[in-house]
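*Asks:*
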Amino acid sequence: MKSTSKSNIVVLGPTASGKTAYAISLAKQLNGAIISADSRQVYAGMNIGTAKPQEAFSDIPHSPATPDIIYGVPHYLLTIASSNSSYTLSDWLRDAAIALEEIKKSKKIPIITGGTMLYIDALVDGYDVPNIEPNPELRKALEQQSPEILYKKLQELDPVACTFIEPHNTRRIIRALEVIDATGEKFSDLRRASASRHNATRIGIFPGWDSMKINIESRSHAMLRQGLVHEAVALREKYPASPLLATINYKEALQVADGVCAQEEAAAKMSQATLRYAHRQMSWWNRRSDIGWICV
RNA sequence: CCGGGGAUGGCAGAUCGGCUAUGCAAGGGACUGUAAAUCCCUCAAGAUAGGUUCAACUCCUAUUCCCCGGA
0 MKSTSKSNIV VLGPTASGKT AYAISLAKQL NGAIISADSR QVYAGMNIGT
50 AKPQEAFSDI PHSPATPDII YGVPHYLLTI ASSNSSYTLS DWLRDAAIAL
100 EEIKKSKKIP IITGGTMLYI DALVDGYDVP NIEPNPELRK ALEQQSPEIL
150 YKKLQELDPV ACTFIEPHNT RRIIRALEVI DATGEKFSDL RRASASRHNA
200 TRIGIFPGWD SMKINIESRS HAMLRQGLVH EAVALREKYP ASPLLATINY
250 KEALQVADGV CAQEEAAAKM SQATLRYAHR QMSWWNRRSD IGWICV
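In terms of numbering that gives the first Met the number 0, the first sequence is residues 0 to 295.
#1: With 16 other CB atoms within 10 Å as the buried threshold, where does Cys294 fall?
#2: Is Gln280 near the ligand SAH, with its Cβ less than 8 Å from a heavy atom?
#3: What residue does the alpha helix (DSSP H) around Ser217 start on, and which one ends it?
#4: For Leu176, write down the residues that DSSP places opposite it in a beta bridge.
#5: Leaving aside the five residues before and after Ser85 along the sequence, list all residues of the same chain whose C-beta is less than 6 Å from its C-beta, in chain order.
#6: Given Ile59, which residues of its chain have a CB within under 7 Å of its CB, disregarding the five upstream and five downstream residues?
#7: Give the range of the beta strand (DSSP E) segment to which Thr200 is assigned.
#8: When you compare the CB positions of Pro109 and Leu99, do they come within less than 9 Å of one another, or not?
#9: Got a sec? Which residues, its chain only, sit under 8 Å from Ala181 by beta carbon, not counting five neighbours each side?
#10: Does DSSP put Thr14 in a helix, a strand or coil?
#11: Flag this pair as yes or no: are the beta carbons of Ala252 and Met222 separated by less than 9 Å?
#12: Count the CB pairs spanning the segment 63-80 and the segment 138-150 that are closer than 8 Å, and state whether there are at least three.
#13: Residues bridged to Ser35 by DSSP?
#14: Is the beta carbon of Thr246 sitting closer than 9 Å to the one on Thr49?
#15: DSSP state of Ser2, grouped into three classes?
#16: What is the C-beta distance between Thr78 and Ala55, in whole angstroms, given that I count them as a contact (C-beta under 8 Å)?
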């Protein structure tokens, strides 16, 4: 081993902060390869609305072992899932491991870049996430019940889980019940950390709220100009029931398609929703003291 | 001009003579399993001027503005 540092590099930051451009320039300097940690850019057919780099636009998913080459830098985990599948954290962790392996083989330095907070932490801090497939029938049945009843049920089956799941957060309660149902084990027992913790240098990109707002607004308009409405409609035609249709930008674009609101109004709504999302992202990272923030 | 209806937080929109919902937005927060998801907390109103009343956003009068119908 001639490499002394095993530290991974993470470039994180809110959407539209300019982190991708930063990561690319960093990769060029260091002979790096990028692993995208983005829960929406993984999907084929979701291109314009996810602000995916154009080079990775496609309606057909490819292997997680195959990078897209963007400005000469390999990017892994873009456009690797079909938009009718439910691609979750555990899928992403599996694919990230594949990508890391490929990068190691190519003797490049991995740079993990993205805005999906949970994905980054799960990978870097080594969360152990068993792959338990969603059970649509069980979910449907549980969704009929009131939050109170669901919470009570969880309290009976796994009281410890109730300490970290809020009483009205039915989505998380249902997921916990689903995992208990599938494994016969307590949800709270399954969330132990795995041994595969990575060291990482975390670089945070944040240009300040004023430029964030400007970036986001011009990006919203640009997306509509590039044909976001068309893309959203195509996605809906293919998968009318997909939860992905509720994704920021797609939701608003579909309203334009349905004549519920005009383009201009949709652009404003998109910007608003995106800005809110950026706030949530920052709120997640605010509690960490190990991020070196830089303003670009 | 006449008749009728209305004016509630940044927006939408209920209710009520004594405590004014709720949704969205805004601000803050949680988050190890759908995460661009989901959840929690906070802020914030009654066109204007009088009057009735122990008490008025709610009742009465006038003014201003808006909507509908008729000339």
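Think of the CB as a built atom: it goes at the ideal place given N, C-alpha and C, for glycine as much as any other residue.
*Replies:* Well, looking at it:
#1: Taking the first residue of the first sequence as position 1, residue 294 is located at position 295. It counts as exposed.
#2: Because no ligand of any kind appears in the structure shown, any question about the ligand SAH cannot be addressed here.
#3: As a working mapping, residue 217 is identified with position 218 in the first sequence. Residues Trp208 to Arg224.
#4: As a working mapping, residue 176 is identified with position 177 in the first sequence. For Leu176, which the question treats as bridged, DSSP gives no partner whatsoever.
#5: Here residue 85 is taken as the residue at index 86 of the first sequence, counted from 1. Closer than 6 Å at Cβ, skipping near neighbours: Pro133.
#6: Numbered from 1 along the first sequence, position 60 holds the residue referred to as residue 59. For Ile59, where only same-chain residues beyond five positions count, the Cβ hits under 7 Å are Ala43.
#7: Mapped onto the first sequence, residue 200 falls at position 201. Its beta strand (DSSP E) spans residues Ala199 to Ile204.
#8: The residue labelled residue 109 in the question sits at position 110 within the first sequence. The residue labelled residue 99 in the question sits at position 100 within the first sequence. Yes. Within cutoff.
#9: Here residue 181 refers to the residue found at position 182 when the first sequence is read from its first residue. These residues qualify, in order along the chain: Ile131, Glu132 and Asn134.
#10: Locating residue 14 in the first sequence gives position 15, where the first residue counts as 1. Note: Thr14 maps to coil in three-state DSSP.
#11: Numbered from its first residue, the first sequence carries residue 252 at position 253. Numbered from its first residue, the first sequence carries residue 222 at position 223. Yes. Within cutoff.
#12: no
#13: As a working note, residue 35 is residue 36 in the first sequence. Thr112, per the DSSP bridge assignment.
#14: Numbered from its first residue, the first sequence carries residue 246 at position 247. Numbered from its first residue, the first sequence carries residue 49 at position 50. With contacts defined by Cβ atoms closer than 9 Å, Thr246 and Thr49 form a contacting pair.
#15: As a first step, residue 2 must be located in the first sequence, where it is residue number 3. Residue confidence is low: Ser2 scores 37 on pLDDT, short of 50, so the model does not pin down where it sits. Its coordinate-derived value is still stated next. If DSSP states are grouped into helix, strand and coil, Ser2 belongs with coil.
#16: For the purposes of this step, residue 78 is identified with residue 79 of the first sequence, where counting begins at 1. For the purposes of this step, residue 55 is identified with residue 56 of the first sequence, where counting begins at 1. At roughly 5 Å, the Cβ-Cβ gap stays under 8 Å, so Thr78 and Ala55 are in contact.
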